[in-house]
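Residue numbering for the sequence shown is -23 to -1, 1 to 439, as defined by mature numbering (1 follows the signal peptide of the UniProt record, and there is no 0).
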Amino acid sequence: MTGLRGRLLLAFVSVTVLGAAAAAWSSAESASTALVTSAQQRLTETVTSQISAITPELKYPPDQAALDRVRVAVGANTLVTYENSRSVSGAGTDLVTDALRATVRSQNRLVTQRVTANDKPWLLIGTPITITAPDGTRTASGIEVYSVHDLTDVEQQINGLTRSAVITAALALPLAVVLALLAAGSVLRPVRRLRDTARRLAAGDLGARSSPQGADELAELTVTINEMAESVQTSMAAMQRMQADARRFAADVSHELRTPLSTLTAVVEVLAVVTDEMEPDARESAQLAITETHRLVRLVEDLMEVSRFDAGTARLRVEEVDVAGAVRDCLRARGWLDQVELVAPDGIRLRLDRRRLDVIVANLAGNALRHGGPPVRVRVSVSREQVWIEVTDNGPGLSERALPHVFDRFYKADAARTRTPGSGLGLAIALENARLHGGDLTAGNVSGGGARFVLRLPREGL
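1) With respect to the beta strand (DSSP E) encompassing residue 420, which residues constitute its N-terminal and C-terminal limits?
2) Tell me the DSSP secondary structure of residue 286 in three-state form.
3) What did DSSP end up calling residue 315 once you bin it into helix, strand or coil?
4) Going by C-alpha distance, which of 141, 298, 181, 197 is nearest residue 168?
5) Identify every residue that forms a DSSP beta bridge with residue 435.
6) If I measure Cβ to Cβ from residue 199 and keep anything under 7 Å in the same chain, skipping five residues before and after, which residues do I get?
7) Just how far apart, CA to CA, sit residue 300 and residue 363?
8) Return the residue from the list 182, 244, 201 that minimises the CA-CA distance to residue 214.
9) Keeping to the same chain, check which residues put their C-beta closer than 8 Å to that of residue 383; ignore five residues upstream and five downstream.
10) Apart from the five residues on each side of it in sequence, which residues of its chain come closer than 8 Å, Cβ to Cβ, to residue 129?
11) Assuming residue 407 contacts residue 368 under a Cβ cut-off of 8 Å, what Cβ separation, rounded to an integer in Å, is found between them?
12) Which residue comes first and which comes last in the beta strand (DSSP E) that contains residue 188?
13) Please return the same chain residues whose Cβ sits closer than 8 Å to the Cβ of residue 433, not counting the five positions on each side in sequence.
14) Can you tell me the Cβ-Cβ gap for residue 318 and residue 285, rounded? I've got them flagged as a contact below 8 Å.
15) Take the Cβ of residue 206 as the centre, count every other Cβ of all protein chains shown within 10 Å, and call the residue buried at 16 or more, exposed below.
16) Given this structure, state the Cα-to-Cα distance separating residue 42 from residue 144, to the nearest angstrom.
17) Quick check: residue 294 and residue 335, are their CB atoms within less than 7 Å of each other?
18) Measure the alpha-carbon distance for residue 78 versus residue 103 and round it to whole angstroms.
19) Here's a check: name, in chain order, each residue in its chain whose Cβ is nearer than 8 Å to the Cβ of residue 283, leaving out the five neighbours to either side.
20) If you follow the alpha helix (DSSP H) that residue 348 is part of, which residue opens it and which one closes it?
21) Answer yes or no: does any C-beta atom of chain B fall closer than 7 Å to that of residue 98?
22) Compute the distance between the beta-carbons of residue 519 and residue 17, then report whether it is under 7 Å.
23) On the DSSP letters alone, give me the boundaries of the beta strand (DSSP E) that residue 119 sits inside.
24) Where does the unbroken beta strand (DSSP E) through residue 62 begin, and where does it stop?
25) Do you know offhand how far residue 250's Cα is from residue 257's?
26) Looking at the structure shown, is residue 425 part of a helix, part of a strand, or coil, going by DSSP?
27) What did DSSP end up calling residue 178 once you bin it into helix, strand or coil?
28) Do you know offhand how far residue 254's Cα is from residue 248's?
29) If you draw a straight line from the alpha carbon of residue 268 to that of residue 245, how long is it in whole angstroms?
30) Skipping 5 residues on each side, what residues in its chain have a beta carbon closer than 6 Å to that of residue 69?
31) Residue 466 lies in the beta strand (DSSP E); which residues open and close that run?
32) By the three-class DSSP mapping on this structure, what secondary structure does residue 411 have?
33) Below 8 Å on the Cβ atoms is my contact criterion, and I expect residue 47 with residue 31 to pass it. Report the Cβ-Cβ distance as a whole number of Å.
34) Classify residue 109: buried if its beta carbon has 16 or more other beta carbons within 10 angstroms, exposed otherwise.
35) Using the Cβ count rule (16 or more neighbours within 10 Å means buried), how would you classify residue 345?
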C-alpha cells in the first residue's frame, strides 16, 4: 500500500486493532491476575479454617493419630509433619520441596508457592500450627501442614479470557476497516479535488480552482493553491501580452523596414558599381555600408520569417523533390560545392517545400563553413520511414555550455561573433522549418571533434 489512501487505511486499522487488542489483553491480564489471587486467597482461607477447627482437639506432643486427624481435616493431597513423623495422602505432595519447608520453618508463618509440574499449575500452601495459651501467647507446636491444590480450572478460565481478548481484537478488524474507509474518504476527497485542480493547471487550464471546505489544514492548502493559481494566471496573461506585443512589434518593424531597405539596397548596388573608382578610405566605407546593408536585409527577412512562424501563418508549398539534387543546387547557388563534400545517392524523392529545405541546408552548411573546420560533409541517407541529411565538420565542435542553446533565437556561443554576418536566427528558423515538415533537427558532436547536425524528414505524411 504505497498510496496515501492505502497508508491511511493501514495506519487507522493498525491503530484501532492494536488499541482494541491492547485493551482486551490488558483486561484479560487484569482478570487473570484477579482470578489467580482470588483462588489463592480462597484456598488459603479454607486450609487455615480447617486447621483452626482441628487445632483445639490436638494434644502435644502429637502422636501419629493426631497427625492423621489433621491430614484428614485439611483434605486430599496433604502432608503433615512433626519432627520425624509424617502423615501424607495424595500424589501431589511430592511437589513440596525442602526449600518450601525450610521457609515455613524459619519464618514460622503461612507460605504459598505456585509451580508447574506435569504440564499442570499447582498451588502449594505451607503453614505451621501454633499453640495459643490462655493468656494469648502463641508458640510453635512443631506441626507443619502442606496442602497441594490443582489450579487447572483457574488456568482454563484464564485461557477463556485470552480467547475472548483475541476474538474481541478480531471483531474490531472489520469495524476498523469500515471506519478507516469512511475516514480516508473524508480526508482524501479534498485531496483528490486538489489533485484534479493541479492536473488541470498543468494541462494549461489556468482558470482551474478548488472550493475550500471547512477550516482545517486542507482548506488552508486549497486557499493557498488557489492564490498560487491566480498569481500564475496573472503572470502568464501578462507574459502572453508581452510576447504578443513583441511579436507584433517585430512583424511591424520588419514590414515597415522593407520599403526603405529596398531603396537602400538599390542605392548600395549602384554604390558597389563605382567603389573601384573611389579613394581608398571612401572605398572602405562604401564596402562596409554595402556589407551592413546586406546584413540588415537578411536580418529583416529572418525576422519576418520568424514572425510568420509565431503567428502560425507559415505554410508549406509541397512538391515532389529529388533530395540529392536539391541539396546540390543549394550548395552550387552559394559557391560551396568545392568546399563541401556531398554524399547523396540519387533517386531519393520526397514531397516537401524545396525553398524551406534550401533554407535548412544553407544554414547548416553555412554554419559549418564559418565556425567549423574542413572538411565539411553533407551526407544524405534514407530508410523506409525517414530521410536523413547530416552535416558535419572537423572544427572544435559545440561546447557543453552552448549545446542546449544552439537553436535559441539570437544565441551566439562566442560573444566575439556578435558582428558576424549571421543574425542568430538561422538555426531557429531551420528547426521551425524541419518541424513544419513533421520532422526534427538535432545538434551534437562527432566522436573525435567537430559539430554534427542531423535533419530528419518523414517519407510519408505531407
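A virtual CB, placed ideally from N, CA and C, is assigned to each residue, including glycine.
On a predicted model such as this, the values are computed, not experimentally measured, just so you know.
With the structure as the only source:
1) Residue 420 -> beta strand (DSSP E) spans 417 to 422.
2) DSSP, read as helix, strand or coil, puts residue 286 in helix.
3) Residue 315: coil per DSSP, three-state reduction.
4) The shortest C-alpha separation from residue 168 is found at 197.
5) Its beta-bridge partners are 363.
6) Closer than 7 Å at Cβ, skipping near neighbours: 167, 171, 187, 189.
7) The alpha-carbon atoms of residue 300 and residue 363 are separated by roughly 12 Å.
8) Among 182, 244, 201, the Cα nearest to that of residue 214 is on 182.
9) So the list reads 375, 390, 404, 420, once near-sequence residues are dropped.
10) Excluding positions up to five away in sequence, the list reads 97, 98.
11) Incorrect: roughly 10 Å between the Cβ atoms, too far for contact.
12) Per DSSP, residue 188 belongs to no beta strand (DSSP E) and is neither H nor E.
13) Hits under 8 Å: 363, 364, 365, 411, 416, 417, 418, 419.
14) With a Cβ gap of about 33 Å, residue 318 and residue 285 do not count as contacting.
15) Buried, since its Cβ has 16 or more Cβ neighbours within 10 Å.
16) Roughly 54 Å between the two C-alpha positions.
17) For the 7 Å CB-CB criterion, residue 294 and residue 335 do not form a contact.
18) So the alpha carbons of these two residues sit roughly 7 Å apart.
19) These residues qualify, in order along the chain: 227, 386, 402, 405, 406, 409.
20) Counting along the chain, the alpha helix (DSSP H) containing residue 348 begins and ends at 331 to 348.
21) The structure shown contains no chain B, having only a single protein chain.
22) The structure shown has nothing for residue 519, since the chain only spans -23 to 439.
23) Note, residue 119: beta strand (DSSP E), 115 to 127.
24) Annotation: the continuous beta strand (DSSP E) that includes residue 62 extends over 62 to 66.
25) Approximately 15 Å, taken between the alpha carbons.
26) Coil, per DSSP.
27) Helix, per DSSP.
28) Roughly 10 Å separates the two Cα atoms.
29) Approximately 9 Å between the Cα atoms of the pair.
30) Cβ neighbours of residue 69 beyond the five flanking positions: 54, 125.
31) Residue 466 lies beyond the range of the chain shown here (-23 to 439); nothing can be said about it.
32) Helix, per DSSP.
33) Distance from residue 47 to residue 31 at the Cβ level is roughly 6 Å; contact confirmed, criterion being Cβ atoms closer than 8 Å.
34) That one is exposed.
35) Residue 345 comes out buried.
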